[in-house]
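Quick notes on the structure that follows.
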Amino acid sequence: DEGPDLLEIHVVERFVGDIEADGSVRFLQARRKDGSAALCGLERVDGTLAGRPGSFVLQDEATREGDTVSGRWWVIPGSATGELEGLRGEGGFEAESGHGATWTLEYWFEV
1134 DEGPDLLEIH VVERFVGDIE ADGSVRFLQA RRKDGSAALC GLERVDGTLA GRPGSFVLQD
1194 EATREGDTVS GRWWVIPGSA TGELEGLRGE GGFEAESGHG ATWTLEYWFE V
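So the sequence shown is numbered by this note's numbering: it starts at 1134 and just counts up by one.
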């Protein structure tokens, strides 16, 4: 039994809204024989959040069923730079191949 295929996936994306930023994520994916998959990733986000410039890193955990990837993410504590230092947060996302994504990020700043 060979088990799931292991793949590395690189995705570049653009965030628009309260976050105006570019993101670059590297996922590791374990794809099962039925085509579904489990993914984990790290994503650097560089731009502005609520008008504050800087960057931060999100840790992602997701599943893939058919053409849809859905999951959750959280800001890695201590990863934020610039005016985003102290950023904390968590949220989720859903993306369908070729159709963009929807996402949420509830965030706050620690002093």
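Glycine included, every Cβ here is placed at the ideal spot set by N, Cα and C.
Sub-8 Å separation of residue i and residue j beta-carbons
{"i": "Cys1173", "j": "Glu1153", "result": "no"}
{"i": "Gly1180", "j": "Phe1160", "result": "no"}
{"i": "Gly1224", "j": "Glu1243", "result": "no"}
{"i": "Arg1185", "j": "Glu1216", "result": "yes"}
Residue i to residue j span [Cα, whole Å]
{"i": "Ala1170", "j": "Ser1230", "result": "14 Å"}
{"i": "Trp1207", "j": "Thr1237", "result": "10 Å"}
{"i": "Ala1228", "j": "Asp1200", "result": "8 Å"}
{"i": "Gly1156", "j": "Leu1191", "result": "10 Å"}
Cβ separation of residue i and residue j, assumed to be a contact under 8 Å, to the nearest whole Å
{"i": "Phe1226", "j": "Gly1204", "result": "6 Å"}
{"i": "Leu1182", "j": "Arg1164", "result": "Not a contact, Cβ separation roughly 33 Å."}
Exposed unless 16 or more other CB atoms sit within 10 angstroms - verdict on residue i
{"i": "Ala1213", "result": "buried"}
Contacts around residue i, its chain only, beta-carbon distance under 6 Å, and the 5 residues preceding and following it disregarded
{"i": "Glu1146", "result": "Gly1156"}
{"i": "Trp1241", "result": "Arg1221"}
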